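Contents: one structure, followed by commentary.
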DNA sequence: TATTGTTATACTCTATAACTATA
DNA sequence: TATAGTTATAGAGTATAACAATA
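Chains as they are written, first to last, in the numbering used here: chain A, 1 to 159; chain B, 160 to 318.
Below, the structure is given as structure tokens:
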């Protein structure tokens, strides 16, 4: 009456490790009082200063109203600013403030620590092999580099 | 004024691919009218028939009331049944019905297709290497085999 | 009339706490 | 009194739709 279970394959391990990596990253950036979604937004604006909110929402894979709420939170903390477009006054061009740039430097440190911790089981050679294989899988699956749609804002840490 | 971004490392790729794998799995089991959480529950009860709801909730990493709702949904579709414990009448021992067992056979097929699809970029050797590396990372990170806490029920497919 | 951004609203998922029945 | 299960309630996060300003 029992159907044999397949051993945990690559897809299952990816889902399991991905959830774990995302949760741990969330804990780490929570120490900076940021959510993963906020760091993704800041990161995107850092690489593309002047981005408007509509394009931001599209790139982040969230709805327009979600983008507004995210930007509101970051602007109220002076990490981000909206600048009215001079040509088209409907547009809000987004830019990091100096404080926002400093925050991203901290996020960068946290992300590198996180990466080292997640691959602590591997030596340098193995780590390179893993990254190379993951990149090929990500490419073949059509995933864009840099931003990942699919995760919505993870649960905020209770403190 | 710009801080250089690190290239996407292993942790980021794991999170990105994990979210993707989970989303695609969700689409596939939605075709069977199941959610990922439901398949996880059925799978657990299949491997440990007679499990009670409290232990189920603990193993699944969800609250007791969430377990009740999940079991309710599966019981109303005759995939699962509650049996009052003869020794302790507070306990509800969970068992798959025949229909539940058949459903899990379908889930197994879907999961194997999903696994093949997710690793379509790799040949057999590379797939084995990837799985071996992921297993070592998962072990070192303290992740239990079989069930992954961290994902809650993914969004139900609109139909 | 179309588009950017905003606000209002509803829905889903989850967690917490109160309740029952058994022990 | 303690525990398994249930129900009720509230919170967070997200999406949809209505709205305002600008084009």
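Ideal Cβ placement from N, Cα and C applies to all residues, glycine included.
These figures come from a predicted structure and were not determined experimentally.
- For residue 147 of chain A, the CB contacts under 7 Å within the same chain, skipping 5 residues up- and downstream, are 40, 44, 59 and 60 in chain order.
- Listed along chain A is no residue with a C-beta nearer than 8 Å to that of residue 225 of chain B; the closest approach is about 14 Å.
- By DSSP's assignment, residue 234 of chain B forms no beta bridge with any residue.
- The beta carbon of residue 244 of chain B sits closer than 8 Å to those of 211, 250, 251 and 252, all from its chain and outside the five residues before and after it, given in chain order.
- In the structure shown, residue 93 of chain A adopts extended strand secondary structure according to DSSP, grouped into three states.
- Ranked by Cα distance from residue 121 of chain A, the first of B:247, B:294 and B:267 is B:294.
- Counting of Cβ neighbours within 10 angstroms places residue 228 of chain B among the exposed residues, the total staying below 16.
- Excluding the 5 residues flanking it on each side, residue 256 of chain B has same chain C-beta neighbours closer than 8 Å at 237, 238, 239 and 240, in chain order.
- Counting other Cβ atoms within 10 Å of its Cβ, residue 36 of chain A reaches 16 or more and is therefore classed as buried.
- At least one beta carbon of chain A lies nearer than 9 Å to the beta carbon of residue 290 of chain B.
- DSSP, reduced to helix, strand and coil, places residue 193 of chain B outside both helices and strands of the structure shown, so it counts as coil.
- For residue 48 of chain A, there is no enclosing beta strand (DSSP E), since its DSSP letter is neither H nor E.
- Neighbours of residue 115 of chain A across chain B, judged by C-beta separation under 7 Å: 168, 169 and 170.
- Listed in chain order, the positions of the segment 193–208 of chain B with a beta carbon within less than 9 Å of a beta carbon of chain A are 195, 202, 205, 206 and 208.
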